[in-house]
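Enquirer: I'd like to ask you about the structure that follows.
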Amino acid sequence: MKLKYENIQKPSHKKFKKIADFLLYTLPLYQGAIIALPISDTIKMWVGFCVTMITVTVKGLSKFTTDENTDENS
Numbered sequence: 003m004k005l006k007y008e009n010i011q012k013p014s015h016k017k018f019k020k021i022a023d024f025l026l027y028t029l030p031l032y033q034g035a036i037i038a039l040p041i042s043d044t045i046k047m048w049v050g051f052c053v054t055m056i057t058v059t060v061k062g063l064s065k066f067t068t069d070e071n072t073d074e075n076s
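Add 2 to a position in the sequence shown, counting from 1, and you land on the number used in the numbering used here.
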């Protein structure tokens, strides 16, 4: 699995896409749990920001992967 711009139009790597989709679909759960934490509001905002940025970045990176074999078996 290599990250390449040319892979944007190709089907994504299935396993990486499933992980990215799972993270994105469960993001509201994480955000709700962060809000319920007994910590200061400033820390909650930064933790929520970091979790959201990581999740969106992983999902974005999954679009630049492909499921094609690239000389791994040769």
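Just so you know, even glycine gets a beta-carbon here, dropped at the ideal spot from N, CA and C.
Which class does residue 17 belong to by DSSP, given the choice of helix, strand or coil?
Expert: Counted from its first residue, the sequence shown places residue 17 at position 15. DSSP places residue 17 in helix when its eight states are reduced to three.
Enquirer: With respect to the alpha helix (DSSP H) encompassing residue 66, which residues constitute its N-terminal and C-terminal limits?
Expert: Stepping through the sequence shown from its first residue, residue 66 is reached at position 64. Residue 66 -> no alpha helix (DSSP H), and no H or E assigned at all.
Enquirer: Please return the same chain residues whose Cβ sits closer than 7 Å to the Cβ of residue 8, not counting the five positions on each side in sequence.
Expert: Position 6 of the sequence shown, counting from 1, holds the residue named residue 8. None.
Enquirer: Check whether the Cβ atoms of residue 25 and residue 61 sit closer than 8 Å, and answer yes or no.
Expert: Here residue 25 is taken as the residue at index 23 of the sequence shown, counted from 1. Here residue 61 is taken as the residue at index 59 of the sequence shown, counted from 1. Cβ atoms of residue 25 and residue 61: closer than 8 Å.
Enquirer: So what does DSSP say about residue 37, is it helix, strand or coil?
Expert: Your numbering for residue 37 matches position 35 in the sequence shown. Correct three-state label for residue 37: helix.
Enquirer: Using the beta-carbon count (16 or more within 10 Å), is residue 51 buried or exposed?
Expert: For the purposes of this step, residue 51 is taken as residue 49 along the sequence shown, with counting starting at 1. Exposed, by the Cβ-count rule.
Enquirer: If we ignore side chains and look at the alpha-carbon of each, how far apart do residue 31 and residue 54 end up?
Expert: By 1-based counting over the sequence shown, the position of residue 31 is 29. By 1-based counting over the sequence shown, the position of residue 54 is 52. Straight-line Cα distance between these residues: approximately 11 Å.
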